[in-house]
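**Q** Line order of the protein sequences matches chains F and B.
The opening residue of the first sequence carries number 8 in my numbering; numbering runs sequentially from there.
The opening residue of the second sequence carries number 551 in my numbering; numbering runs sequentially from there.
Dumping the structure here so I can ask a few things about it.
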Amino acid sequence: MSTVLIYTLIGTLAGTILCMIPSLHIYNVMGFALLLYFNFKDLIPFEGMAPLFMSMMVAFAFINTIPMTFLAAADESAGATILPTLDMVMAGRGRDAAILTGMGVFFGGVLLVILSPFFYVVFPYVYKIIRTHLHWVIGLVIVFYVMSEWPKGAGRGDTTWKRFRDGWRNLGAGILTFTLSAIAGIILLTKPLAPADRSFQNIMPIFLGFFAFPSIIQMYLSEFKLPIQHKSRFVNAGWSDFSASLPAGLAGGLMAMTVPAVTIGIAAVFASHFTNHRAIQTTSYQPPKVPGTAVHLHTPEIYWQQERVFVIAGGIMKMMYYIGAFLLMFVLTDITPSGMGRGGLNVLLKPIFTPESGDYAIMCGVILFSSSLSMLALFGLTEVMIWLVPKLNVKILYAFITVLLFGILFFMGGGWMAIAVSLVTTCIGSIPVFFTCRRSHCMAVLLVPIMLSSSGNMDAIARFLGLL
Amino acid sequence: MSGVAAATCVPEIVRMSTASRLDTVEGAASSLIILLPGIFGILPDTMDFKLGQFFSPGDVIVDPDPINTDPQKMAESFAEAVRRTGETGKPCKIQFYPIQLGGNLWRQYSLIFDEWEVKVQINEIVKTSQTPIPGTALKKNRLGVAKLPFPLKARTNEIDWMNSSIRKLRHLLKGPDAPPGPVKPSTLDILSGTQFEMKLENDGKIFFNWLPWHRTWSHSYVLGILLSIPVFLIAFLSGLYNWWIYGLAAILGFTVHITEDMTGHIGGSLLWPIHKTRSEGFEMFKASDPRTNFSINYTAILLILWNVDMYSIQIIPIPWWQYWTTFWLVPLGIYFWFVGKKKQELRLQDKMEQQEEPDGTGDLVVD
Numbered sequence: 008m009s010t011v012l013i014y015t016l017i018g019t020l021a022g023t024i025l026c027m028i029p030s031l032h033i034y035n036v037m038g039f040a041l042l043l044y045f046n047f048k049d050l051i052p053f054e055g056m057a058p059l060f061m062s063m064m065v066a067f068a069f070i071n072t073i074p075m076t077f078l079a080a081a082d083e084s085a086g087a088t089i090l091p092t093l094d095m096v097m098a099g100r101g102r103d104a105a106i107l108t109g110m111g112v113f114f115g116g117v118l119l120v121i122l123s124p125f126f127y128v129v130f131p132y133v134y135k136i137i138r139t140h141l142h143w144v145i146g147l148v149i150v151f152y153v154m155s156e157w158p159k160g161a162g163r164g165d166t167t168w169k170r171f172r173d174g175w176r177n178l179g180a181g182i183l184t185f186t187l188s189a190i191a192g193i194i195l196l197t198k199p200l201a202p203a204d205r206s207f208q209n210i211m212p213i214f215l216g217f218f219a220f221p222s223i224i225q226m227y228l229s230e231f232k233l234p235i236q237h238k239s240r241f242v243n244a245g246w247s248d249f250s251a252s253l254p255a256g257l258a259g260g261l262m263a264m265t266v267p268a269v270t271i272g273i274a275a276v277f278a279s280h281f282t283n284h285r286a287i288q289t290t291s292y293q294p295p296k297v298p299g300t301a302v303h304l305h306t307p308e309i310y311w312q313q314e315r316v317f318v319i320a321g322g323i324m325k326m327m328y329y330i331g332a333f334l335l336m337f338v339l340t341d342i343t344p345s346g347m348g349r350g351g352l353n354v355l356l357k358p359i360f361t362p363e364s365g366d367y368a369i370m371c372g373v374i375l376f377s378s379s380l381s382m383l384a385l386f387g388l389t390e391v392m393i394w395l396v397p398k399l400n401v402k403i404l405y406a407f408i409t410v411l412l413f414g415i416l417f418f419m420g421g422g423w424m425a426i427a428v429s430l431v432t433t434c435i436g437s438i439p440v441f442f443t444c445r446r447s448h449c450m451a452v453l454l455v456p457i458m459l460s461s462s463g464n465m466d467a468i469a470r471f472l473g474l475l
Numbered sequence: 551m552s553g554v555a556a557a558t559c560v561p562e563i564v565r566m567s568t569a570s571r572l573d574t575v576e577g578a579a580s581s582l583i584i585l586l587p588g589i590f591g592i593l594p595d596t597m598d599f600k601l602g603q604f605f606s607p608g609d610v611i612v613d614p615d616p617i618n619t620d621p622q623k624m625a626e627s628f629a630e631a632v633r634r635t636g637e638t639g640k641p642c643k644i645q646f647y648p649i650q651l652g653g654n655l656w657r658q659y660s661l662i663f664d665e666w667e668v669k670v671q672i673n674e675i676v677k678t679s680q681t682p683i684p685g686t687a688l689k690k691n692r693l694g695v696a697k698l699p700f701p702l703k704a705r706t707n708e709i710d711w712m713n714s715s716i717r718k719l720r721h722l723l724k725g726p727d728a729p730p731g732p733v734k735p736s737t738l739d740i741l742s743g744t745q746f747e748m749k750l751e752n753d754g755k756i757f758f759n760w761l762p763w764h765r766t767w768s769h770s771y772v773l774g775i776l777l778s779i780p781v782f783l784i785a786f787l788s789g790l791y792n793w794w795i796y797g798l799a800a801i802l803g804f805t806v807h808i809t810e811d812m813t814g815h816i817g818g819s820l821l822w823p824i825h826k827t828r829s830e831g832f833e834m835f836k837a838s839d840p841r842t843n844f845s846i847n848y849t850a851i852l853l854i855l856w857n858v859d860m861y862s863i864q865i866i867p868i869p870w871w872q873y874w875t876t877f878w879l880v881p882l883g884i885y886f887w888f889v890g891k892k893k894q895e896l897r898l899q900d901k902m903e904q905q906e907e908p909d910g911t912g913d914l915v916v917d
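Printed below as a string of structure tokens:
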């Protein structure tokens, strides 16, 4: 027991420190976690391994909220939370944004434990059914994700072509990002940079390029200055916001923890289509209240509640995606004797770690313990950040981070080749940043190759592209 | 989602889609055929919003100046479109564009219609989430009023055989229509604008048709069949086993979408290009009603899981009635009870809020 506690503490601490680096993607953190393991594997006992990784992920789910909120350092999951949080920060409510996200993450952790009977009794069947139809399930995710992005331009212009071009700015950029990311994924899967036992090194440069570096470029180009943040003993939300966040958080979270390569940025799009209940109380036209007007357009409180629901549900999804997907590895049943875990960490850990019955309960304990510690850390670090950021030159900070990330890439990610790959993916990852399409289009790097591999079409496509 | 659920009702589609590594399922071929109803299911709206709208230019354009917004000029533009239609007898389209003030900021405005008058009112600035920012309403010049040279009406009297059949069917399904009330104002804020088509009718009134490009040619069963012909052909020429089933899957996705849309208020041009008029819908649900959206999607997911299991690996250990009672009847019963209660609560809250306008700050309750 003491080993579990010690390694939960170490994991939470390591995760907390690591996740203060802006713009890191979860897959980068996994890479670091494995590097840590490979370098200290003789020192880490077998029973300490799972708590160490689990608590690092828990800390990531909580603490990456801070750079994402206060330094506008968006990773892919930002799609689920960043829009309202950035808005809240600019309105001086950054503390609310960070704490509410953290509370959502904590709520997600408690939900995972509460859902344990569901994971053991119902979920194995869903998992089994989906596993035998994974190729088209991922294919449908791709179809819906690409086709459900609608024009953001109003379609201005005196000719059809001009109107079409104006409306299609973001759509064209989205399709281009998706296609280039998919090709990058097929190339890197066919011609990996690193041997299989170091496969996380393939992921690191790709994801730093897709998400970290474009955010840094965006930061350099913008005139971001953190406004003065309000201090309050309370968080500006009601408990009903948590119950309203539950459907979206659960739907998105379950989807992200079940379907490979579906991250919360993507799952959030589906969950919001599926569960958004704002229209249950619509705007109404009332007699005028102000002289010189014809009507009073009344917007009900539920419209403002959506902002808070968005943030809390995003937190729940983060926990279910990052942690839930890993936790399923420990759900050993008659029809899933090897567990149901999915996600990069699960794949990378499988060769070196085998879960045993009874581990699930320990992992639930680790999640709750590490969540409590991380939540406390989030409270403290939010205050530190609010105090520190106005004093910092954010551009110098980002210059330092850029050097650090390049150093990590060079020494741990595979040398010059890794840097070259990250530069290519940076170009692709910058398209959504500058053309305001969805950043999660970059996830085609995993979605398309997984779909092609599981449907048995990967070789044909690779041959068509001249890769085989 | 519903189109995909409908496709899974065809056992052969599910068997073909099962991973070929499973030798227990006959005909398992790791096929991606189920993507076809998915693609064709979204296609009608894709064709409208990503294509059709750009081919429907406005004859009168209202693109307000974000700095010096002039509601009077906007109202007069509407009156001009009505005048043109009334005097020439030819249809006239008026296009209103949104007023964007920043990346996430938009100036909202409402169009308020009367039989002989139109008003344009400039409202608060809203975010992309459509929440207004309190205190951002203009201090002056918020309202423009223009008299109309011809009377307006929101529902057409000139109905053809298809519309009258749908009306009859609707009356059978849900009783007679409610007497026509005042036309609901239209509010514009984020992303795209809106368009109305004015048409002079026999009674001398101008029928103004909202989004004339939406649910017309794209929402046609005939077009669905035409678009699936290439799918049939490609499957046949590629020598695919069960080639006909690919086209069938595509048609299923397309037709389920159109049929579902018919349950709303705007129908579709069901037989375009044979019969081009856009019919009314059955008006059973509002397209924006989250309860319909949620329950249909949830049912579709359950149906997909059931069908996929039944026609492939067969591991669900309970009989159908137990499955549908446990996972459909009970959860949706609880859902509708809960949402009904919540709606009542919100209505009450809303009445109180109307006296004291919400400002988005909520109550400070989470300590």
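Beta carbons: idealized from backbone N, C-alpha and C, even for Gly.
Given M424/F, which residues of its chain have a CB within under 7 Å of its CB, disregarding the five upstream and five downstream residues?
**A** The count along the first sequence starts at 1 and reaches residue 424/F at position 417. Correct list, in chain order: L200.
**Q** Check N353/F in the structure and name its three-state DSSP category.
**A** The residue labelled residue 353/F in the question sits at position 346 within the first sequence. In the structure shown, N353/F sits in a helix (DSSP, three-state: H, G or I).
**Q** Which parts of the region 398-441 of chain F are runs of the alpha helix (DSSP H), unbroken and 4 residues or longer, counting only runs that do not cross its ends?
**A** Runs found: 401-419.
**Q** When you compare only the Cα positions, how much space is there between G553/B and G803/B?
**A** By 1-based counting over the second sequence, the position of residue 553/B is 3. By 1-based counting over the second sequence, the position of residue 803/B is 253. Cα to Cα, the separation comes out at about 4 Å.
**Q** Report the rounded CA-to-CA distance for W175/F versus L688/B, giving the unit in angstroms.
**A** On the first sequence, residue 175/F is found 168 positions in, with the first residue counted as 1. On the second sequence, residue 688/B is found 138 positions in, with the first residue counted as 1. Distance between the alpha carbons of W175/F and L688/B is about 32 Å.
**Q** Going along chain F in order, which residues have a C-beta closer than 8 Å to the C-beta of T827/B?
**A** Along the second sequence, one-based indexing puts residue 827/B at 277. Result: empty, since nearest Cβ-Cβ is about 24 Å, beyond 8 Å.
**Q** Cutting at 8 Å between CB atoms, please list the residues of its own chain near I662/B, excluding the five before and the five after it.
**A** Taking the first residue of the second sequence as position 1, residue 662/B is located at position 112. So the qualifying residues of the chain are V668, K669, V670, Q671, P735.
**Q** Secondary structure at L304/F, three-state DSSP: helix, strand or coil?
**A** Residue 304/F sits at position 297 when you count from the first residue of the first sequence. Strand.
**Q** My parser needs the alpha helix (DSSP H) runs of 4 or more residues fully inside the region 51-130 of chain F; what are they?
**A** With a minimum length of 4 residues, the continuous alpha helix (DSSP H) runs that stay inside the region 51-130 of chain F are 53-70, 72-77, 85-97, 101-121, 123-128.
**Q** Answer with buried or exposed for Y227/F, where buried requires no fewer than 16 other C-beta atoms within 10 angstroms of its C-beta.
**A** By 1-based counting over the first sequence, the position of residue 227/F is 220. Result: exposed.
**Q** Does V916/B have its Cβ less than 8 Å from a Cβ in chain F?
**A** By one-based count along the second sequence, residue 916/B stands at place 366. Unreliable placement is indicated for V916/B, whose pLDDT of 48 sits below 50; no coordinate value is reported for it.
**Q** State the start and end residues of the unbroken beta strand (DSSP E) segment that holds T744/B.
**A** Reading the second sequence from its first residue, position 194 is the one you call residue 744/B. Where T744/B is concerned, the enclosing beta strand (DSSP E) stretches over 744-750.
**Q** Going by other Cβ atoms of all chains shown within 10 Å of its Cβ, with 16 needed for buried, is H237/F buried or exposed?
**A** By 1-based counting over the first sequence, the position of residue 237/F is 230. Exposed, by the Cβ-count rule.
**Q** Which whole runs of the alpha helix (DSSP H) in the region 215-277 of chain F are 4 residues long or more, in chain order?
**A** The qualifying runs are 220-228, 246-265.
**Q** Kindly list the residues whose CB is nearer than 8 Å to the CB of F417/F, restricted to its own chain and excluding five residues on each side of it in sequence; keep chain order.
**A** Walking along the first sequence from the start, residue 417/F turns up at place 410. Correct list, in chain order: W423, A425, I426.
**Q** Buried or exposed: R446/F, going by 16 or more other Cβ atoms within 10 Å of its Cβ?
**A** Here residue 446/F refers to the residue found at position 439 of the first sequence. By the neighbour-count rule (16 or more Cβ atoms within 10 Å), R446/F is buried.
**Q** So I795/B contacts chain F; which residues on that side make the cut at Cβ distance below 9 Å?
**A** Taking the first residue of the second sequence as 1, we reach residue 795/B at position 245. Simply none; closest approach about 14 Å.
**Q** On the DSSP letters alone, give me the boundaries of the alpha helix (DSSP H) that F185/F sits inside.
**A** Here residue 185/F corresponds to residue number 178 of the first sequence, with the count starting at 1. 176-197 is the span of the alpha helix (DSSP H), which, as asked, contains F185/F.
**Q** Can you tell me which of the three DSSP states S660/B falls into?
**A** Position 110 of the second sequence, counting from 1, holds the residue named residue 660/B. Three-state DSSP puts S660/B in a strand.
**Q** Does the beta-carbon of V128/F have 16 or more other beta-carbons within 10 angstroms, so that it is buried, or is it exposed?
**A** By 1-based counting over the first sequence, the position of residue 128/F is 121. The residue in question, V128/F, is exposed, as its Cβ has fewer than 16 Cβ neighbours within 10 Å.
**Q** Closer than 8 Å is the cut-off here; do at least three beta carbon pairs connect the region 628-636 of chain B with the region 720-728 of chain B?
**A** In short, these stretches do not touch, since the Cβ pair count stays below three.
**Q** Answer yes if the region 825-832 of chain B comes into contact with the region 617-628 of chain B, meaning at least three C-beta pairs across the two stretches below 8 Å, and no otherwise.
**A** Judged by Cβ distances under 8 Å, the region 617-628 of chain B makes no contact with the region 825-832 of chain B, as fewer than three pairs qualify.
**Q** Mapping DSSP to helix, strand and coil, what is I312/F?
**A** By 1-based counting over the first sequence, the position of residue 312/F is 305. Checking the sequence, you will find Gln at residue 312/F rather than Ile. If DSSP states are grouped into helix, strand and coil, Q312/F belongs with the helices.
**Q** For L388/F, which of M63/F, F77/F, R349/F has the nearest alpha-carbon?
**A** On the first sequence, position 381 is the one that residue 388/F refers to. With distances taken between Cα atoms, L388/F lies closest to F77/F.
**Q** Please state whether the Cβ-Cβ distance between G346/F and P358/F is less than 8 Å.
**A** The sequence position of residue 346/F within the first sequence is 339, counting from 1. The sequence position of residue 358/F within the first sequence is 351, counting from 1. Their beta carbons are not under 8 Å apart, which means G346/F does not touch P358/F by this criterion.
**Q** Is K724/B helix, strand or coil when you go by DSSP?
**A** Taking the first residue of the second sequence as 1, we reach residue 724/B at position 174. Of the three classes helix, strand and coil, the one that applies to K724/B here is helix, per DSSP.
**Q** Establish whether the CB of I287/F and some CB of chain B are separated by less than 8 Å.
**A** Indexing the first sequence from 1 puts residue 287/F at position 280. Yes - at least one Cβ of chain B is within 8 Å of the one on I287/F.
**Q** For R565/B, decide whether its Cβ has a neighbour in chain F, counting only Cβ atoms nearer than 8 Å.
**A** Residue numbering aside, residue 565/B sits at position 15 when the second sequence is read from its first letter. No, no contact with chain F.
**Q** When DSSP labels each residue in this structure, what does K703/B get in the three-state scheme?
**A** To locate residue 703/B, count along the second sequence from 1; it is residue 153. K703/B falls in the strand class under three-state DSSP.
**Q** Straight-line CA distance for I309/F to A251/F?
**A** Looking up residue 309/F in the first sequence gives position 302. Looking up residue 251/F in the first sequence gives position 244. Approximately 10 Å, taken between the alpha carbons.
**Q** So is T88/F in contact with chain B if we call contact Cβ pairs under 8 Å?
**A** By 1-based counting over the first sequence, the position of residue 88/F is 81. At T88/F the pLDDT is 48, less than 50, meaning the model places this residue with poor confidence; the figure from the coordinates comes in the next sentence. By this cut-off, T88/F is not an interface position.
**Q** Are any of the Cβ atoms in chain B nearer than 8 Å to that of I457/F?
**A** Within the first sequence, residue 457/F is the residue found at index 450, counting from 1. Not an interface residue.
**Q** Which word fits A320/F, buried or exposed, when buried means at least 16 other C-beta atoms lie within 10 angstroms of its C-beta?
**A** Residue mapping note: residue 320/F aligns to position 313 of the first sequence, counting from 1. Result: buried.
**Q** Measure the alpha-carbon distance for W394/F versus I224/F and round it to whole angstroms.
**A** Working through the first sequence from its first residue, we reach residue 394/F at position 387. Working through the first sequence from its first residue, we reach residue 224/F at position 217. Taking the straight line joining both Cα atoms gives about 24 Å.
**Q** Taking F4/F as part of the beta strand (DSSP E), name the residues at either end of that continuous run.
**A** Because residue 4/F is not part of the residues shown, which for chain F are 8 to 475, the question remains open.
**Q** When you compare only the Cα positions, how much space is there between N673/B and A467/F?
**A** Locating residue 673/B in the second sequence gives position 123, where the first residue counts as 1. Locating residue 467/F in the first sequence gives position 460, where the first residue counts as 1. Computed Cα separation, rounded: 57 Å.
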